[in-house]
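Residue numbers (the working numbering), protein chains in the order written: chain A, 1 to 503; chain B, 504 to 742.
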Amino acid sequence: MKVRAQMSMLFHLDKCIGCHTCSVACKNIWTDRQGAEYMWWNNVETRPGTGYPTGWEDQEHYEGGWKRDEKGRLKLTLHSKAKGLGRLFFNPALPKLDDYYEPFTFRYGDLFDAEDGTQQPTAMPISMVTGESIDIETGPNWDDDLGGSNIYARNDISLEGVDPAVRAQMEEIERVVFNYLPRICNHCLNPACVGACPSGAIYKRGEDGVVLVNEDKCRAWRMCVAACPYKKVYYNWSAGKSEKCILCFPRLETGQAPACAHSCVGRIRYMGVLLYDADLIEETAGAPEEELLQAQLDAILDPWDEDVVIAAEAAGIEDDWIQSARKSPIWKFVKEWGLAFPLHAEYRTVAMMFYIPPLSPIVSTVEQELIRLDLPPDQTDFELFDSIDKARLPIKYLANLFSVGDEDAIKRVLRKMLAVRIYKRRQSVDGVIDEATLALLEEAGTNPEEVEEIYRLTTLPKMHERFVLPPYHREQGIEAQGDPLARKGVAGLGYLDPPVRGA
Amino acid sequence: MNADTLLFVVAPYVALTLAIVVSVLRWRRHPFSVSALSSQLLESKKLFWGTVPFHWGISLILVGHFLALITPRSIELWNGEPIRLYLLELTGLALALWAGFGLAVLIYRRVTQARIRAVTSPMDVVVLSVIFVQIVTGIWIAVGYRYGSFWGTSVFVPYVRSLLVFQPEPELVAALPHVLKAHVIAFWTFLALFPFTRLVHIVTVPIGYLTRPWQRVVRLQRERWVYHPGSPRPIRKNR
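Set out below in structure tokens:
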């Protein structure tokens, strides 16, 4: 057992209101530069939809992630090493700028400088690449809230396998349904971007698992951009370097949550440490498809387990990190309560960001097998609980996103979340918990104590409960390079290469 | 010092020195600036028709030139049969035309595409011009002064070798026709420009990728020995 620590984030999709505050917070800090305008290290997608970049989940087109060959071996989808070198000059799987969008601004100066005329001056849109006038045709969230649209929602590849009748219904004007999906880099255990980088410029930090690009070693072979199945490595067209989400590690190192999580209005994001077994990564990522989801969840180690603690200490993980892992909200949601899954585990990168699938809008009508509105109010909860597979957001769709197509796994989660909701409603509205409710809890595989805990961490958590951040011991990291006290005196001085395009 | 000495003795030494010293300095002091500066993200269709022929063509031709320099005997032996000489010459010419076509597409793309113009520096224009001259003179020589692979081993190879052993013999090339001299001079120009332009990406070809493991994990902390509470002896920690 080789224990390593991973900083992980969890997204409670039931709480996401799609406000894009996370995206803007991230953009203002990290990607407000030439060449990076089009990058959204954090973006929020409306699902069903085609996302950003358009259709990023279509791995037949983009060749992202890993695959398991006939002999059960793990292979990079993009290339073998030799093929990778052969495609240095041109990589057909690379997304184009238009797959994202051409970044734009407006010629605001015209508002002031326009000559006198009969019409109001307008600020015309211009490209931030060429500076020339453009027609804005798309943007990073062009399909925002366009659930049911026949351009975006219909082309969502994750709708595959959903009953055609249900799909048709999802496009009807009053039955449109959508949810939001915030995405950042998944800081995977088996990152495809690292595997694809010919220069070896991308690496995973041993102490907290953040995946970073060493910009000094990046040579613009841009294989990482194609290899990442989540399309979360971006090519800076101006600097000629690849860039990606850094999980705000400078903030983590000083005890602050990443900007996206910190600014989250719906407080949907949680952060904490997970311990995992590095020896199991290859086996986990290469598991047969039907075992893949469970294998990924099993790779996370129990921080309360004596053996794990001993192995963790031997691997140099500080005691306060182990303590932090025990308090980690991610551990609770993912492992203790089994409510969260990684996004698209079938990409086999062993993603380390987790999602709690959203409950559908509760009411609808049952004509042809959809939920009825005219149930007596005291029955609605139970009725929904029993027919959750007819939820407005198809279970199959959620399963394609979060559980490698396993609908039962999604149903278990949704049932448990509904059970929490029903229990708390009985408690706060009726004031009594009847036998039926307790039976329902048992059926959902939970109990009143657990329900209270889930409820607390879902709706009432304070900042320090949402973000359980371990101390980074940077002073010890510096020791390897020199005397920390001497370093303290000189920090901030010295010559830094400005990050500008080379000749 | 006459013009021949300047062009065929001084220039190559200056170029070689610049190429080596400045490349190493740039690599060590400004690693961020070393990049292939791909523009595929901005424009991809024309790039395919330009970059693939150009890079493969020019690389193979460079390999041929280099082979002639290190083992001229092998080329001479190969050319022992006329049919093999024709084959080699024809292959070389085809590769040069292929590379030339690619370069033409790349130049056209750089001029006509607004997005590519936005990332074009003056040095890019210089680099493209020098390589263009190189390829055009190369084709010209292949057609007009046949058969280069036959006589080249007794003209160019001794000349370059004389430079490398610091006993320059500029007279070997000084008397050649202008096109051949231009080809030589263009190469020294290319070499001198090398460290100051995006050409540096040539030496960054990531061959090491073939042998490195798929994953890379880097720890800031090194291993150290610590006293663990309760343990009598210091134990090793991975940091």
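Even glycine gets a Cβ: it sits at the ideal position worked out from N, Cα and C.
- [ ] Spell out whether any CB of chain A is found under 8 Å from the CB atom of residue 712/B.
- [x] Counting from one through the second sequence, the residue named residue 712/B turns up at place 209. Interface residue, yes.
TODO: List the residues of chain A whose Cβ lies closer than 7 Å to the Cβ of residue 722/B, in chain order.
DONE: Position 219 of the second sequence, counted from the start, is the residue given in the question as residue 722/B. What residue 722/B touches in chain A, judged by beta-carbon distance under 7 Å, is 206, 207, going in chain order.
Task: Length at least 4, wholly inside the stretch 622-676 of chain B: the alpha helix (DSSP H) runs in chain order - done: 625-647, 651-667
Task: Residue-chain proximity (residue 509/A, chain B), Cβ-Cβ < 8 Å - done: Since the first and last residues shown for chain A are 1 and 503, residue 509/A lies out of range.
Open item on the list: Less than 8 Å between CB atoms is the rule here; does residue 742/B satisfy it with respect to chain A?
Closed with: By 1-based counting over the second sequence, the position of residue 742/B is 239. Here residue 742/B scores only 42 on pLDDT, less than 50, and its place in the model should not be relied on; the value that follows carries that caveat. Answer yes: the Cβ-Cβ gap between residue 742/B and chain A drops below 8 Å somewhere.
- [ ] Alpha carbon to alpha carbon, how far is residue 387/A from residue 415/A? Give it in angstroms, no decimals.
- [x] Along the first sequence, one-based indexing puts residue 415/A at 415. Along the first sequence, one-based indexing puts residue 387/A at 387. Whole-angstrom Cα-Cα distance: 10 Å.
- [ ] State the DSSP-derived secondary structure class of residue 542/B, mapped to helix, strand or coil.
- [x] Start at 1 with the first residue of the second sequence, and residue 542/B comes out as number 39. Three-state DSSP puts residue 542/B in coil, outside helix and strand.
- [ ] Could you tell me which chain B residues have their CB closer than 8 Å to the CB of residue 592/A, listed as they occur along the chain?
- [x] Any property of residue 592/A remains undetermined from this structure, which presents chain A solely from 1 to 503.
- [ ] Just the C-alpha distance for residue 392/A and residue 32/A, rounded to the nearest angstrom, thanks.
- [x] Start at 1 with the first residue of the first sequence, and residue 392/A comes out as number 392. Start at 1 with the first residue of the first sequence, and residue 32/A comes out as number 32. Residue 392/A and residue 32/A: Cα-Cα distance of roughly 38 Å.
TODO: For the stretch 509-538 of chain B, list the alpha helix (DSSP H) runs that are entirely contained and at least 4 residues long, ordered along the chain.
DONE: 514-520, 526-532
Task: For residue 81/A and residue 713/B, the rounded distance between their alpha carbons - done: Residue mapping note: residue 713/B aligns to position 210 of the second sequence, counting from 1. Residue mapping note: residue 81/A aligns to position 81 of the first sequence, counting from 1. CA-to-CA, the gap between residue 713/B and residue 81/A works out to about 6 Å.
Task: Interface positions of the stretch 242-271 of chain A facing chain B (Cβ-Cβ less than 7 Å), listed along the chain - done: Within the stretch 242-271 of chain A, no residue has a Cβ that lies closer than 7 Å to any Cβ of chain B.
TODO: Show which residues of chain A have a CB atom less than 7 Å away from the CB atom of residue 717/B.
DONE: Against the second sequence, residue 717/B aligns to sequence position 214. The contacting residues are 195.
Open item on the list: So that I know if they touch, is there some Cβ in chain A lying closer than 8 Å to that of residue 521/B?
Closed with: Residue numbering aside, residue 521/B sits at position 18 when the second sequence is read from its first letter. Chain A, which has no Cβ nearer than 8 Å to the Cβ of residue 521/B, makes this no.
Open item on the list: Suppose the cutoff is 6 Å on Cβ atoms and the five residues either side in sequence are ignored; what does the same chain contact list for residue 51/A look like?
Closed with: Locating residue 51/A in the first sequence gives position 51, where the first residue counts as 1. For residue 51/A, where only same-chain residues beyond five positions count, the Cβ hits under 6 Å are 45.
Open item on the list: Quick check on the DSSP output: what are the complete beta strand (DSSP E) runs of length 3 or more inside the stretch 22-54 of chain A, in order along the chain?
Closed with: 43-47
Open item on the list: Restricting to runs no shorter than 3 residues, where is the beta strand (DSSP E) found entirely within the stretch 49-86 of chain A?
Closed with: Counting only runs of 3 or more residues that sit fully inside the stretch 49-86 of chain A, the beta strand (DSSP E) segments are 66-68, 74-76, in chain order.
Open item on the list: I'd like to know whether the C-beta of residue 615/B is nearer than 8 Å to at least one C-beta of chain A.
Closed with: As a working note, residue 615/B is residue 112 in the second sequence. No, residue 615/B does not count as interfacial toward chain A.
Open item on the list: Given a cut-off of 8 Å on the beta-carbon distance, is the pair residue 166/A and residue 394/A in contact?
Closed with: In the first sequence, residue 166/A corresponds to position 166, counting from 1. In the first sequence, residue 394/A corresponds to position 394, counting from 1. In this structure, residue 394/A lies closer than 8 Å to residue 166/A by Cβ.
Task: Supposed close pair residue 297/A, residue 404/A - CB separation, criterion 8 Å - done: Within the first sequence, residue 297/A is the residue found at index 297, counting from 1. Within the first sequence, residue 404/A is the residue found at index 404, counting from 1. Going by Cβ atoms, the distance from residue 297/A to residue 404/A rounds to 11 Å, so no, they are not a contact pair.
TODO: Consult DSSP for residue 6/A and reduce its assignment to one of helix, strand or coil.
DONE: Position 6 of the first sequence, counted from the start, is the residue given in the question as residue 6/A. In the structure shown, residue 6/A sits in a strand (DSSP, three-state: E or B).
Open item on the list: Using the Cβ count rule (16 or more neighbours within 10 Å means buried), how would you classify residue 333/A?
Closed with: The count along the first sequence starts at 1 and reaches residue 333/A at position 333. It is buried - the Cβ of residue 333/A has at least 16 other Cβ atoms within 10 Å.
- [ ] Compute the Euclidean distance between the alpha carbons of residue 4/A and residue 107/A, then round it to the nearest angstrom.
- [x] Sequence index remark: in the first sequence, residue 4/A carries index 4 (1-based). Sequence index remark: in the first sequence, residue 107/A carries index 107 (1-based). Distance between the alpha carbons of residue 4/A and residue 107/A is about 50 Å.
- [ ] Determine the chain A residues that contact residue 701/B at a beta-carbon separation under 9 Å, and present them in chain order.
- [x] Residue numbering aside, residue 701/B sits at position 198 when the second sequence is read from its first letter. Chain A residues near residue 701/B: 240, 502, 503.
TODO: Measure from the alpha carbon of residue 665/B to the alpha carbon of each residue in 632/B, 565/B, 572/B, 579/B, then state which is nearest.
DONE: Against the second sequence, residue 665/B aligns to sequence position 162. Measuring from the Cα of residue 665/B, the nearest candidate turns out to be 572/B.
Open item on the list: Helix, strand or coil for residue 263/A? Go by DSSP, reduced to three states.
Closed with: Stepping through the first sequence from its first residue, residue 263/A is reached at position 263. Correct three-state label for residue 263/A: coil.
Open item on the list: Buried or exposed, going by whether 16 or more other CB atoms sit within 10 Å of the CB of residue 304/A?
Closed with: Taking the first residue of the first sequence as position 1, residue 304/A is located at position 304. Looking at its Cβ environment, which holds fewer than 16 other Cβ atoms inside 10 Å, residue 304/A is exposed.
TODO: Could you tell me whether the Cβ of residue 537/B comes closer than 8 Å to any Cβ of chain A?
DONE: As a position in the second sequence, residue 537/B is number 34, starting the count at 1. Yes, because at least one Cβ of chain A sits closer than 8 Å to the Cβ of residue 537/B.
TODO: Show which residues of chain A have a CB atom less than 8 Å away from the CB atom of residue 707/B.
DONE: Residue 707/B sits at position 204 when you count from the first residue of the second sequence. Near residue 707/B (Cβ distances below 8 Å), the residues of chain A are 199, 219.
Open item on the list: So, under 8 Å CB-CB, residue 95/A and residue 225/A are touching, yes? Tell me the CB distance rounded to an integer number of Å.
Closed with: Residue numbering aside, residue 95/A sits at position 95 when the first sequence is read from its first letter. Residue numbering aside, residue 225/A sits at position 225 when the first sequence is read from its first letter. With a Cβ gap of about 7 Å, residue 95/A and residue 225/A count as contacting.
- [ ] Tell me where the beta strand (DSSP E) around residue 202/A begins and ends.
- [x] Within the first sequence, the letter at position 202 stands for residue 202/A. Per DSSP, residue 202/A belongs to the beta strand (DSSP E) from 202-205.
TODO: Check the Cβ-Cβ distances between residue 52/A and every residue of chain B, and say whether any is below 8 Å.
DONE: Looking up residue 52/A in the first sequence gives position 52. Taking Cβ atoms only, chain B never reaches closer than 8 Å to residue 52/A, which makes this a no.
TODO: Would you tell me roughly how many angstroms separate the C-alpha atoms of residue 355/A and residue 445/A, rounded to the nearest one?
DONE: On the first sequence, residue 355/A is found 355 positions in, with the first residue counted as 1. On the first sequence, residue 445/A is found 445 positions in, with the first residue counted as 1. About 20 Å.
Open item on the list: Once DSSP output is grouped into helix, strand and coil, what is the label at residue 211/A?
Closed with: As a working note, residue 211/A is residue 211 in the first sequence. In this structure, DSSP gives residue 211/A an extended state, which the three-state scheme calls strand.
Open item on the list: Against chain A, with Cβ distances strictly below 8 Å, would residue 541/B count as a contact?
Closed with: Residue numbering aside, residue 541/B sits at position 38 when the second sequence is read from its first letter. Yes - at least one Cβ of chain A is within 8 Å of the one on residue 541/B.
Open item on the list: Using 8 Å for Cβ pairs, my map puts residue 29/A next to residue 259/A. What's the rounded Cβ distance?
Closed with: Taking the first sequence and counting its residues from 1, one reaches residue 29/A at position 29. Taking the first sequence and counting its residues from 1, one reaches residue 259/A at position 259. Right, their Cβ atoms sit about 5 Å apart.
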